[in-house]
Structures are given as structure tokens and as C-alpha cells.
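Q: Got a structure here, written out as C-alpha cells. Questions coming.
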Amino acid sequence: MKTLKDWRLEHHDDTTVQLRVHDRHLICINILDNTLFRVRLLKDGAWRLNRSWTVNPDGNTLPKGRSSDSLTGFSCPPYKLGWLDGQLQIETSALRLTVSQPLQFRWEAFVDESWKYLTEDRPTGAYMLGVKNHAHAHYLRRHPNERVYGLGEKAGLLERTGRRFEMRSLDAMGYDAECTDPLYKHLPFTLTQTASTGSFSLFYDTLNTCVLNIGQELDNYHAPYRSFTADDGDLDYYFRWSPQLLDLVKSQLALTGGMAFPPRWSLGYSGSTMAYTDAPDAQDQLIGFLRKLENEAIPCDSFHLSSGYTSIEDKRYVFHWNNDKVPDPAALTKAFNDAGVRLIANIKPCLLRNHPRYAEVANNKLFIQDSESDTPELSSFWDDEGSHLDFTNPDTLSWWKENVTQQLLNLGITSTWNDNNEFEVWDHGARCVGFGEEIEVGLIRPLHSLLMVHASWEAQSQHAPQKRPYVVTRSGCAGLQQFAQTWTGDNKTSWESLRWNIRMGLGLSLSGIYNIGHDVGGFAGPQPGPELLLRWVQNGIFHPRFSIHSWNNDGSVTEPWTHPSAAEGIRAAIQFRYRLLPYFYTCLWQAVNNHEPMLRPTFLDHENDAQTYADTDDFLLGRDLLVASVVEQGADKRRIYLPDNHAGWWDYWTGQLHAPGTWFEKPVSLADMPLFVKAGSILPLANEAMKATPEAQVGRTLALFPQPGSFSCTSLIYDDDGESKDGPHCITTLLLTGNEHSLGLQISHTGDMPVPFPQLKIVLPAGENRPLNYGGRVIEHGGLITVGEAS
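In C-alpha cells:
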């Protein structure tokens, strides 16, 4: 590649500044918001790919994509353009970009009434372009006090400095959660916290394989740097500044289209295993699972139907039912639906060469086409070769939606599990229809994952137009969260996976992918032992997706009752998950409506507490719950840091208040799940562990966790029917106040839904002795209040 040096100002208008580089290439700088600039480098002044599918601020991008020149959805505020000492300056009220010779960008933020240094490109060789190809690179100066986060589900430490990461989606079964790279998803997004000027994010809008080097590489000829490199496509990045990391996370979600609002039942326990559908008597095995749930008193709202139902011998054939294993699919789905357990069917985007419908699909040219012949591409898939469907072909989208509907939804299956959708097509030049403009697959591999998910989502939406769809995907790129829940793929059974998966989930959350989880118990490898399975469940119940899923190498099944010695503890954990559902559902609603992350590293809400940046197994669920899972074998104590929230943390189980900004060592037995509640919070809880549908709720408890001394705190609870699109809802506002001598509670409601729980049980921590006043009377611990009493 050749370094770009010389440039001149060519043009500027109300939204854009254009630089001509070496009288040949073009840099376009879009001023999209006071804190958001976009930088595009166009080789020879032309796009390599003239559409974007991941940037979607107005929610109207898919499936055909958005013109790469579009500014729809951005405010594009006024800006100033000027020169200082031969340098070009572009500034808004909050962000200033200075461009100098040779080509280098310097970024400053307006903080405390003055411009403060934020970051800059590498002074020597900031931008590079391929001479005979479309390779490109961007080099940014690296500073010793920076912290870098993001990049999605990457393995290892949550702070990424000193490592190299590749975005190239693979079927990474049995990965090492501490070091394997690459993995399943394509998320070239970083958050950088500076030493003194807030934080900035970089989102590279590319679907091409790329590498982000966060300081692993050193070169004596250059100052310390980090880099982004890709071998094709366009260099197109979004630079945003904020004084707070949390704002950058929320803004990334908004930039990439927001988040789907799945039904409430998606927060329930989801059963799953490969073993049932691999068995010759799959239907009987599956029905047996329902009986076991009832016998073991385990609530369950869904079941992931693994791909064995499509098998012929040991291969998988999407949209093909093996009627030897499953002789009556309609009866199977009816049994599950009658039990209140929805089926989520596994589907795959590749047809093996001997698939019964391969010729039909090939003749209709619904596959991605080989780069050198008018035949379908062939790639390795499920121990054979197959051809991947072309989801940029409108005819393929129609075929897919028709088969999702006819082969699954019409039989009573509720949802789709979009799996094995990494699109490992290594013929870079293989041809895609591109909605009428042919595109090489190497430019858009992760796009096919996104469009597959979108097509499944559309099929489900059209089949049940009044209900919110629930879709699951393993792979994808930025924007997948608009339609689907995801998980960290086929992990392996080990204590290490339990620990490092926590960080992988938080990495996804920091990258704008909130609705996530892990295969509890481990997917690949041996069956987990009793202690490991129990600890994994105790961690998994605090994630949005909670599913025990396995393909154990000894053919065994991992289920809540697998180990009698651990069964009671696992049952208790799952039942506690169900008691937490009102809080979970409110967190889900806040994620959709306010872009608030559900899972949060502790530093996200405590940026001024230096201790929260240390590597930890702890995380927050919403703003109010601090989860400190036990992830060490044989542990009998757990050392926990309680972030400095200026109010304190209540031990949920003991009712003891602990000071903020302190370490605490908690003794733990196998039954213990260390959990702390932020002082000043109110947790809505189900009175009993029932299924996730609101109709099954048997009453609600408000668990009050006051602050010491004088205070005033507000909490919200969101309720609706749990599944309708744009249905009636109720938002309950809870005002908890206090002084040295007493507490007060006020409750109000908004929305078009009747108050769902006119009576509420009130509980306070054992360590709280102040009387609680509501409606003119003192409420005892465990007492009932009637909503609507004067408060």
C-alpha cells in the first residue's frame, strides 16, 4: 500500500468538506452531529461499494441498503471552517477536527470552555491505499493512559489494549474464550477512554474482512499506534466524542438501527440440546422433556429445536423434516404449545449438494454464484460441501420466507434459530445479485447473515402480524440487534469458559448488542460436573438469554436435573430468575426505548471510580443489580468490590448495607449467588416463580432498598401484555424518599393499560429499621398496599 500525504481543500457545503488527495483520491468529511463526524476515503474518487446496510439511523435500510452518500437521519448542524497556520479546521460546538500536511487528522473536544486534545492520527503515515487493489489502512496514535473497549464478542480481557483482532466470521466450535480469534460476529467498533477529555468511539462501516490492531504491533519508525486494515472495500468511519462512555454505547445502538423488542416469554428459561433431535425417537424424547419439566417443577417458556429434525443420516437438510424421527410435527408443536413452551426451530443458510431441493434452488439461481462459472459456489459445510443462499437476491428472500412459513410456522413453530450463518465462502469473487447491482461476496459476507435474520423476522411478522417476533442468530454484523437475540456461539465445557464468557457478553453489550447470553453448561466437550453446572446456571440466570444447551462428546444431555446433587440449587436459581422477570422486562423495555444496556461492566456507571476498571468477574444487570458470580471451582468465599455510587449496596440475601467504594469478602456455599442492590432502588418481583407470560403472574412484590439518611429516588416498572405490537401498556413510577427517621413511598401510573397489580406486597431489607409511610399509614415489612390509596 502507498502512504497518502498531499491534499488540498476541494469543496465544502452545508454538510460536507471534501479534500482531494494526490490530485486523485477523495476524502469526504460529513458533519453529522455536534459530536459525530464521518470520514470517507474514496480511491480515485469512487465507491468500491456504494451502499451501507449497518448504518441505519432512520430504521429504513434493509433489505436493499442505504446509499453510501445518504445523510438521512442525521441533524447535520452548522459548522465553522477555517485555516490556522496552514492547517484546516472544522468545528462544531463540541468537536474540532484539524487536518495538517502531510495528511493527518487531530481531534479536540470542547471541555470546560476550551478545546482539549482528544486523539490524533499517527503523524507518519496515517492513511494508506493499495496501488493495484482496494486495500486500505488507517493508523491512529496510541497513548499509554488510554483504555480501549468494544469489538463485540472477542475473547480475553474486556480492555483490548495490546492485542490484535480479526473480523472474519467463523464456525468456531469449542473455542477458547480467553484467546481464540476470530469468532462469529463482525463488529469493527471501538470505545476509547482518554486520560482527561472524555471518550471517543470509532465505527468502521465495512463488511469486508478486516484487522484491528490495538497496539500489539510496534515499529521503531513510528510513534506508538493502533490500526485498522482491510484488503478490500472502502475506508469509511464514524468518529464520535462524549464525556461519558455510556453515551457512546447508546449512540452506537441508535446509529445501527436500535433494538428489537421481543416478547416477554423470551426472557424465560429456554431448553435445548442436540441429543434429543439426534436420537432416532426424537419426538418421544422431546415430549419426555415436557414431562420432566413438570416433574421437576422447572418453569420453561421455550425450547430450541436443534437441527437433527432435518437430518438424513448424519447430515442436515434445512426445511426437510425427518419423519422417521418426528412422525407428526404438528402433534409435536401442539404438545409444546399446550404446555406453554414455544419451539424455536434451527435453520441454516446452506444446502448440501445432495439436498432433496438442491437442483430446484440451483436452477432458480438462488445460490451465490461461483466467480468463474455460471454455477453455484461450493463451500465446506457440515462435513460435506454445499452452496450458500444469496440473500441479496429478492427471489431468494421470497423462497426463504415461504419455506419458513410453510415448513415451520404453519406447523405451530413460533420462532426461528438462525444458525451456522457465518457464510464461510472463501471464493472472494463469488457473485451475489446485489439487488440488481452484482457484488463480490468478499465485500459483504456478514451482510448475508443480517439479511437471513431479517428475512426470518419478516416471515414471522407476516405470519403473526399482531405479535412481536422472536428471532435468534449466531452470526451477524452491526444491526443484527434490530431483529434478533444472539449468543456467544459453541463454547466448550470448562470453568474457563464460564469466566471468560462473562467478558465476551460485556464486549457485545459495549458494542451495541444488548440481548445476549451464552450456552449454559458449555456446548462442546464433556458433560459439566455438578458444581460447574450449578455455578453456570447461577450466572446464566442474570443474562437476557438463558438457555442450557449442549452437544456433549459422550452423547449425554445437560439438563437442570442432570445431577441430583445439584438439582435443588439449579431449580432455586431458575425459579429466582422467574421472580426477577418484572425487573428484567423493564430493563428490556429501557434498552429498546432508551438504549440502556442490560448488561453493564461496573465502570460504565462509575467512571470516576478507578477500581472499577480492574479486570473482574462482576457486572451490573440494569443500573441496580451487581452480580458477583462464583466462577472458581471449590470456592468457599468471594471477594467483591462494591463500586463507589455514593450511596451504598445492599446484600440482597442478608439485607445488610455495605459502604460504597469498598472491598467485601463474602462466604459462599454452593447454594449462594452473591447479589447486591444499589441503595435507592426498588426491585419489582413476581411473588412466585411462574412462566413469563403476564397471565401467569400470581402477584407482585416491591422490594425497597433505601439509601441511608435523606434521599429521594425514582424507579420505573414497565408492563404490557408481553407480546403485542403497539398494544396497551402501563408505566409505574415509584418515588422512594427518606430522612433519618422515616421512609415514604409514592406510586403513579401512565399509559393506556389498567394497573396490572392493584395490590402489592412490600418488603424491606433486614437492616432497614425506619418505618415506611404509604397512603397515610405505616406499612409493615411483608405488608400489602392497594395501589390508588392516597400517598
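Using my numbering, read the sequence shown as starting at 30 and increasing by one per residue. Heads up, the beta-carbon is just placed ideally off N, CA and C, and yes, glycines get one too.
1) What alpha helix (DSSP H) runs, 4 residues minimum, are completely inside the region 421-489?
2) DSSP has Ala553 in a bridge; who is on the other side?
3) Helix, strand or coil for Arg574 per DSSP?
4) Nearest CA to the CA of Glu797: which residue from Thr766, Phe734, Ser753, Cys759?
5) Taking 8 Å as the cut-off, decide whether the C-beta atoms of Ala171 and Arg255 are in contact.
6) Under the rule that 16 or more other beta-carbon atoms within 10 Å means buried, what is Gln398, buried or exposed?
7) Measuring only the C-alpha atoms, how far is Arg176 from Leu509?
8) Taking the continuous alpha helix (DSSP H) assigned at Glu560, which residues delimit it?
9) Taking the continuous beta strand (DSSP E) assigned at Pro696, which residues delimit it?
10) Can you tell me the Cβ-Cβ gap for Ile577 and Gly550, rounded? I've got them flagged as a contact below 8 Å.
11) Closest to His54 by C-alpha separation, out of Trp36, Leu187, Asn63, would be which residue?
12) Compute the Euclidean distance between the alpha carbons of Asp646 and Arg532, then round it to the nearest angstrom.
13) Apart from the five residues on each side of it in sequence, which residues of its chain come closer than 8 Å, Cβ to Cβ, to Gly227?
14) State the Cα-Cα distance for the pair Asp419 and Glu752, rounded to the nearest angstrom.
15) Determine the extent of the alpha helix (DSSP H) in which Lys363 is found, giving its start and end residues.
16) Going by C-alpha distance, which of Leu65, Pro131, Thr127, Val462 is nearest Tyr266?
17) Measuring CB to CB, does Ser777 end up less than 8 Å from Pro800?
18) Report yes if the CB atom of Gln736 is closer than 8 Å to the CB atom of Ala676, and no otherwise.
19) Tell me, please, which residues DSSP counts as bridged to Thr127.
20) What whole-angstrom Cβ distance do Val656 and Leu704 have, given they're in contact under 8 Å?
21) Whose C-beta lies closer than 6 Å to the C-beta of Val68 among residues of the same chain, with five residues either side of it excluded?
22) With a 10 Å radius around its C-beta and 16 neighbouring C-beta atoms as the bar for buried, classify Gln222 as buried or exposed.
23) Determine the burial state of Ala206: buried for a count of at least 16 other Cβ atoms within 10 Å of its Cβ, exposed for fewer.
24) Exposed or buried, what is Glu406 when buried is set at 16 or more other beta-carbons lying within 10 Å of its beta-carbon?
25) Can the beta-carbon of Lys354 be found closer than 8 Å to that of Leu381?
26) In three-state terms, what does DSSP make of Cys616?
27) Taking 7 Å as the cut-off, does the CB of Asp248 come closer than this to any heavy atom belonging to the ligand ADP?
28) Spatial neighbours of Val370 within its chain, please: CB distance less than 8 Å, with the 5 preceding and 5 following residues excluded, ordered by chain position.
29) Beta carbon of Arg189, beta carbon of Leu180: below 8 Å?
30) What whole-angstrom Cβ distance do Val84 and Thr285 have, given they're in contact under 8 Å?
31) For the structure I just gave you, are there three or more beta carbon pairs, one from the region 484-491 and one from the region 514-526, closer than 8 Å?
32) Could you tell me the alpha carbon to alpha carbon distance between Gly534 and Phe290, rounded to whole angstroms?
33) Could you give the residue range of the alpha helix (DSSP H) that holds Lys279?
34) List the whole-angstrom C-beta distance separating Ala595 from Pro559, where the pair is believed to meet the contact cut-off of C-beta under 8 Å.
35) Assuming Leu158 contacts Leu33 (C-beta within less than 8 Å), just tell me the rounded distance between them.
36) Would the beta-carbon of Gly94 fall within 8 Å of that of Arg80?
A: A quick look at the data gives this:
1) Complete alpha helix (DSSP H) runs here, min 4: 423-436.
2) Taking the sequence shown and counting its residues from 1, the one referred to as residue 553 is at position 524. Lys521, Trp580.
3) By 1-based counting over the sequence shown, the position of residue 574 is 545. Looking at Arg574 - three-state DSSP - the assignment turns out to be strand.
4) Counted from its first residue, the sequence shown places residue 797 at position 768. With distances taken between CA atoms, Glu797 lies nearest to Phe734 out of Thr766, Phe734, Ser753, Cys759.
5) Position 142 of the sequence shown holds residue 171. Position 226 of the sequence shown holds residue 255. Going by the sequence as given, residue 171 is Arg instead of Ala. At a Cβ-Cβ threshold of 8 Å, Arg171 and Arg255 count as neighbours.
6) Sequence index remark: in the sequence shown, residue 398 carries index 369 (1-based). Residue burial is scored here from C-beta neighbours: Gln398 has at least 16 other C-beta atoms within 10 angstroms and is therefore classed as buried.
7) In the sequence shown, the residue the question calls residue 176 occupies position 147. In the sequence shown, the residue the question calls residue 509 occupies position 480. For Arg176 and Leu509, the distance between alpha carbons rounds to 26 Å.
8) Along the sequence shown, read from residue 1 onward, the residue named residue 560 stands at position 531. Start and end: 559-569.
9) If you number the sequence shown from 1, residue 696 lands on position 667. Where Pro696 is concerned, the enclosing beta strand (DSSP E) starts and stops at 691-696.
10) In the sequence shown, the residue the question calls residue 577 occupies position 548. In the sequence shown, the residue the question calls residue 550 occupies position 521. The beta-carbon separation of Ile577 and Gly550, rounded to 5 Å, stays under the 8 Å limit for a contact.
11) Translated into positions along the sequence shown, residue 54 becomes position 25. Considering only alpha carbons, the answer is Trp36.
12) By 1-based counting over the sequence shown, the position of residue 646 is 617. By 1-based counting over the sequence shown, the position of residue 532 is 503. So the two alpha carbons sit approximately 8 Å from each other.
13) To locate residue 227, count along the sequence shown from 1; it is residue 198. For Gly227, the CB contacts under 8 Å within the same chain, skipping 5 residues up- and downstream, are Ala138, Val140, Leu147, Trp270, Ser271, Pro272, Gln273 in chain order.
14) Position 390 of the sequence shown, counted from the start, is the residue given in the question as residue 419. Position 723 of the sequence shown, counted from the start, is the residue given in the question as residue 752. So the alpha carbons of these two residues sit roughly 32 Å apart.
15) The residue labelled residue 363 in the question sits at position 334 within the sequence shown. In the DSSP assignment, Lys363 falls within the unbroken alpha helix (DSSP H) covering 358-367.
16) Taking the sequence shown and counting its residues from 1, the one referred to as residue 266 is at position 237. Considering only alpha carbons, the answer is Leu65.
17) As a position in the sequence shown, residue 777 is number 748, starting the count at 1. As a position in the sequence shown, residue 800 is number 771, starting the count at 1. For Ser777 and Pro800, no; Cβs fall outside 8 Å.
18) The residue labelled residue 736 in the question sits at position 707 within the sequence shown. The residue labelled residue 676 in the question sits at position 647 within the sequence shown. The answer is yes: Cβ separation under 8 Å.
19) Residue 127 sits at position 98 when you count from the first residue of the sequence shown. Under DSSP, the beta-bridge partners assigned to Thr127 are Gln118, Arg135.
20) Translated into the one-based positions of the sequence shown, residue 656 becomes position 627. Translated into the one-based positions of the sequence shown, residue 704 becomes position 675. The Cβ separation is near 6 Å, so the contact holds.
21) Numbered from 1 along the sequence shown, position 39 holds the residue referred to as residue 68. In chain order, Ile58, Tyr266 place their CB closer than 6 Å to the CB of Val68, counting only its own chain and leaving out the 5 sequence neighbours on each side.
22) On the sequence shown, position 193 is the one that residue 222 refers to. Counting C-beta atoms within 10 angstroms of its own C-beta, Gln222 has 16 or more neighbours from the protein chains shown and is therefore classed as buried.
23) As a position in the sequence shown, residue 206 is number 177, starting the count at 1. Classification for Ala206: buried.
24) Mapped onto the sequence shown, residue 406 falls at position 377. It counts as buried.
25) The residue labelled residue 354 in the question sits at position 325 within the sequence shown. The residue labelled residue 381 in the question sits at position 352 within the sequence shown. Not in contact: Lys354 and Leu381 (Cβ atoms no closer than 8 Å).
26) What you label residue 616 is simply residue 587 of the sequence shown in a count that begins at 1. Reduced to three states, the DSSP call for Cys616 is helix.
27) The ligand ADP is absent from the structure shown, which contains no ligands of any kind.
28) Start at 1 with the first residue of the sequence shown, and residue 370 comes out as number 341. Only Gly300, Leu319, Leu322, Cys329, Asp330, Ser331, Phe332 meet the Cβ criterion.
29) Counted from its first residue, the sequence shown places residue 189 at position 160. Counted from its first residue, the sequence shown places residue 180 at position 151. Closer than 8 Å, so yes.
30) Taking the sequence shown and counting its residues from 1, the one referred to as residue 84 is at position 55. Taking the sequence shown and counting its residues from 1, the one referred to as residue 285 is at position 256. 7 Å between Cβ atoms; contact.
31) Because the criterion of three Cβ pairs below 8 Å is not met, the region 484-491 and the region 514-526 do not touch.
32) Locating residue 534 in the sequence shown gives position 505, where the first residue counts as 1. Locating residue 290 in the sequence shown gives position 261, where the first residue counts as 1. Approximately 19 Å, taken between the alpha carbons.
33) Within the sequence shown, residue 279 is the residue found at index 250, counting from 1. From DSSP, the alpha helix (DSSP H) with Lys279 extends over 274-284.
34) One-based indexing of the sequence shown puts residue 595 at position 566. One-based indexing of the sequence shown puts residue 559 at position 530. Contact holds; Cβ gap of about 4 Å.
35) Looking up residue 158 in the sequence shown gives position 129. Looking up residue 33 in the sequence shown gives position 4. So it is a contact: roughly 6 Å between Cβ atoms.
36) Walking along the sequence shown from the start, residue 94 turns up at place 65. Walking along the sequence shown from the start, residue 80 turns up at place 51. In this structure, Arg80 lies closer than 8 Å to Gly94 by Cβ.
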